[in-house]
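Chains as they are written, first to last, in my numbering: chain A, 4 to 345; chain B, 4 to 345. Virtual Cβ for every residue (Gly too), placed ideally from N, Cα, C. Notes follow once the structure below has been shown.
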């Protein structure tokens with residue numbers, strides 16, 4: 004016969020509610036009583052309903068979102084949708100920040116072991132991962148808006164992103180068509196192997212196709228490792244460096260809107276104006292770019308659709324409906340007030 | 004003798020690793036085999052190590068953060084700190100969005116029942132809760148930056164916030180001292196019972212103490228319920244309404260920086276300038292206010308300290324070290340480029 008909670012209560016000489024409190028880790032219980040009860044639970048092989056249920060339901064219905072760059076407002080809109088979609092499915096949303104220098108696969112493996120996760124979303128971050136390393140993960144996962152770089156074997160991955168190369172090409176080409184020939188870029192540091200690299204590649208190709216040879220002293224980044232790459236602070240410092248260097252340019256392509264806003268502010272602080280003295284273009288399409296004065300010309304990523312699709316694909320994987328799926332969304336060139344014809 | 008995983012494997016005629024996969028809800032297992040194994044687990048009272056361990060450790064080491072207004076960039080910085088501090092303690096961070104119309108106590112009670120939470124942080128939201136309702140919660144909780152309004156019995160709560168009344172008074176008083184007499188405010192809708200109400204109260208008092216009678220037609224809000232209260236869109240529409248109404252004013256106090264940025268953009272779009280035509284002041288001290296052109300005069304909340312203290316107090320409560328603790332932080336008036344002497 005199966006041991007019940009009443010048996011445990013009788014054996015320990017306590018009320019059923021006390022056993023329940025012990026099992027549920029309730030703070031209102033004497034520590035000695037709790038030890039006694041937990042010992043009896045063990046000895047008499049009592050499986051708490053709770054725990055039995057958890058095997059199937061509660062704890063396992065958790066999706067972990069591993070995020071690099073948690074302060075990025077681009078991600079905060081995505082997380083909003085994630086949270087909503089995951090909640091709709093009656094799943095829990097476990098948020099886990101990954102440090103810049105941390106390996107997200109290691110972190111994921113650790114989480115998978117400790118929690119009973121049903122799936123993982125990797126949000127942002129580098130993703131130069133080999134098939135072999137990824138295959139260590141035992142649960143479905145998807146890479147969202149992280150950029151799938153050249154080194155990755157794409158067929159082994161589920162991902163949702165824009166084509167960072169193509170979209171960067173599009174906006175830099177637009178700057179060229181406005182007549183700009185001296186176009187600087189605020190890029191990610193050279194060791195970046197993710198979207199920073201892809202967006203820089205798009206910049207180079209667009210210049211070349213417009214008959215402009217990319218110049219090393221117009222490719223600018225901020226060497227201060229304490230600044231987050233896609234932040235306004237990063238953009239401010241990089242643009243200031245560019246201005247202080249005295250190199251001639253008429254436009255900046257910043258690889259994110261936050262960087263673009265930081266760069267614009269550096270220009271204003273130097274006594275110059277946007278777009279009168281310098282045109283500025285960004286990437287992402289965050290709300291702050293739209294409300295900036297001047298509003299920032301940018302590539303609008305379809306954030307809501309991408310986030311919704313991320314969760315939809317992940318649940319398809321969880322339900323065993325599909326193998327890996329990669330989906331590339333189109334960005335839209337949104338012309339703001341920050342760029343002008345030269 | 005206690006049933007082991009080996010016993011279950013022997014009984015079912017499968018490998019130990021298969022039992023493990025069944026218990027851990029691994030996708031790579033035949034459904035029938037899984038049912039067979041789970042039946043044996045039940046029949047022979049096998050308590051998976053995993054599950055036994057979970058009773059004490061894993062699942063219970065979870066802090067839930069209930070957030071109203073998940074898209075607010077003010078919260079994204081706070082969450083960054085929460086996540087870091089919670090991770091430091093080797094706890095998990097469960098993020099749960101509460102809808103504007105939802106009752107966060109109900110949501111908290113539900114989560115407490117479903118998950119083995121160790122603690123709850125309420126981030127933002129209304130908090131007109133009676134002591135009786137709050138006492139239904141069986142686990143420690145804290146209200147962070149949500150504003151503790153007049154109706155709440157403060158002694159029954161742990162909270163971390165600024166004094167919204169006092170800080171609003173401070174910045175509106177500053178506008179008065181600059182010589183402004185026709186100061187509009189973009190406030191929360193009248194039904195708001197939280198920080199919106201407190202900040203409006205500070206506005207009224209500061210005006211009165213400067214010999215200015217608050218006027219109803221200078222108290223503006225956006226009636227579109229689809230807009231989030233503290234958003235740029237909310238500020239943009241409210242300011243546009245104010246400008247279209249043709250009422251005379253020389254300054255705006257917006258109850259958040261995002262509202263202030265939205266209001267500034269509405270002014271620029273109408274062909275006027277900030278601060279030449281209108282001074283604008285905000286509240287919060289988000290990074291975007293600093294990088295806006297012009298930078299926004301605001302009340303800087305000590306976000307990092309407040310977030311760190313929230314988690315510190317919560318863990319003190321969890322460790323049983325203290326009774327409820329309320330801590331009020333001081334904000335700082337940061338004078339930007341968006342306000343000028345009249």
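Roughly how many whole angstroms lie between the Cα atoms of residue i and residue j?
i: residue 124 of chain A; j: residue 68 of chain A; result: 5 Å
i: residue 37 of chain A; j: residue 259 of chain A; result: 54 Å
i: residue 292 of chain A; j: residue 302 of chain A; result: 11 Å
i: residue 184 of chain A; j: residue 262 of chain A; result: 21 Å
i: residue 77 of chain B; j: residue 287 of chain B; result: 7 Å
i: residue 284 of chain A; j: residue 338 of chain A; result: 9 Å
i: residue 199 of chain B; j: residue 309 of chain A; result: 33 Å
i: residue 267 of chain A; j: residue 85 of chain A; result: 31 Å
i: residue 137 of chain B; j: residue 328 of chain B; result: 15 Å
i: residue 270 of chain A; j: residue 256 of chain B; result: 27 Å
i: residue 298 of chain A; j: residue 215 of chain A; result: 27 Å
i: residue 162 of chain B; j: residue 171 of chain A; result: 46 Å
i: residue 314 of chain A; j: residue 107 of chain A; result: 19 Å
i: residue 289 of chain B; j: residue 208 of chain A; result: 36 Å
i: residue 13 of chain A; j: residue 45 of chain B; result: 22 Å
i: residue 223 of chain B; j: residue 250 of chain B; result: 11 Å
i: residue 277 of chain B; j: residue 340 of chain B; result: 8 Å
i: residue 324 of chain B; j: residue 186 of chain A; result: 59 Å
i: residue 43 of chain B; j: residue 29 of chain A; result: 30 Å
i: residue 19 of chain A; j: residue 26 of chain B; result: 28 Å
Exposed or buried, which one is residue i when buried takes at least 16 other CB atoms within 10 Å?
i: residue 66 of chain B; result: buried
i: residue 80 of chain A; result: buried
i: residue 57 of chain A; result: Because residue 57 of chain A sits at a pLDDT of 38, beneath the cut-off of 50, its placement in the model cannot be relied upon, and the following sentence gives the value as read from the coordinates. Buried, since its Cβ has 16 or more Cβ neighbours within 10 Å.
i: residue 99 of chain B; result: buried
i: residue 104 of chain A; result: exposed
i: residue 202 of chain A; result: buried
i: residue 72 of chain B; result: buried
i: residue 17 of chain A; result: buried
i: residue 121 of chain A; result: buried
i: residue 33 of chain B; result: exposed
i: residue 47 of chain A; result: exposed
i: residue 116 of chain A; result: exposed
i: residue 225 of chain A; result: buried
i: residue 312 of chain B; result: buried
i: residue 188 of chain A; result: buried
i: residue 241 of chain B; result: buried
i: residue 248 of chain B; result: exposed
i: residue 344 of chain A; result: exposed
Contact defined as beta carbons within less than 8 Å: I believe residue i pairs with residue j. What is the distance between those atoms, to the nearest angstrom?
i: residue 175 of chain A; j: residue 206 of chain A; result: 5 Å
i: residue 126 of chain A; j: residue 149 of chain A; result: 7 Å
i: residue 237 of chain B; j: residue 265 of chain B; result: 6 Å
i: residue 40 of chain B; j: residue 11 of chain B; result: 7 Å
i: residue 6 of chain B; j: residue 49 of chain B; result: 4 Å
Which partner residues of residue i appear in the DSSP bridge assignment?
i: residue 100 of chain A; result: A:70
i: residue 282 of chain B; result: B:254
i: residue 287 of chain B; result: B:303
i: residue 327 of chain A; result: Paired residue(s): none; residue 327 of chain A is not in a bridge.
i: residue 162 of chain A; result: A:146 and A:329
i: residue 298 of chain B; result: Residue 298 of chain B pairs with nothing; no bridge assigned.
i: residue 111 of chain A; result: DSSP lists no partner for residue 111 of chain A.
i: residue 223 of chain B; result: B:189
Among the candidates the options, whose CA atom is the shortest distance from the CA of residue i?
i: residue 96 of chain B; options: B:119, B:75, B:107 and B:112; result: B:119
i: residue 342 of chain A; options: A:281, A:288 and A:322; result: A:281
i: residue 235 of chain B; options: A:110, A:91 and A:296; result: A:296
i: residue 335 of chain B; options: B:300, B:321 and B:344; result: B:300
i: residue 64 of chain A; options: A:85, A:92 and A:87; result: A:92
i: residue 232 of chain B; options: B:247, B:115 and B:193; result: B:193
i: residue 160 of chain A; options: A:331, A:345, A:251 and A:311; result: A:331
i: residue 333 of chain A; options: A:319, A:304 and A:320; result: A:304
i: residue 244 of chain A; options: A:264, A:221 and A:253; result: A:221
i: residue 140 of chain B; options: B:110, B:158 and B:127; result: B:110
i: residue 320 of chain A; options: A:101, A:21, A:279 and A:146; result: A:146
i: residue 212 of chain B; options: B:75, B:102, B:180 and B:345; result: B:180
i: residue 279 of chain B; options: B:230, B:294 and B:253; result: B:253
i: residue 31 of chain A; options: B:340, B:94, B:322 and B:19; result: B:322
i: residue 306 of chain B; options: B:15, B:8, B:82 and B:9; result: B:82
i: residue 89 of chain A; options: A:43, A:239, A:316 and A:102; result: A:316
i: residue 168 of chain B; options: B:24, B:197, B:182 and B:142; result: B:197
i: residue 228 of chain A; options: A:102, A:8 and A:9; result: A:102
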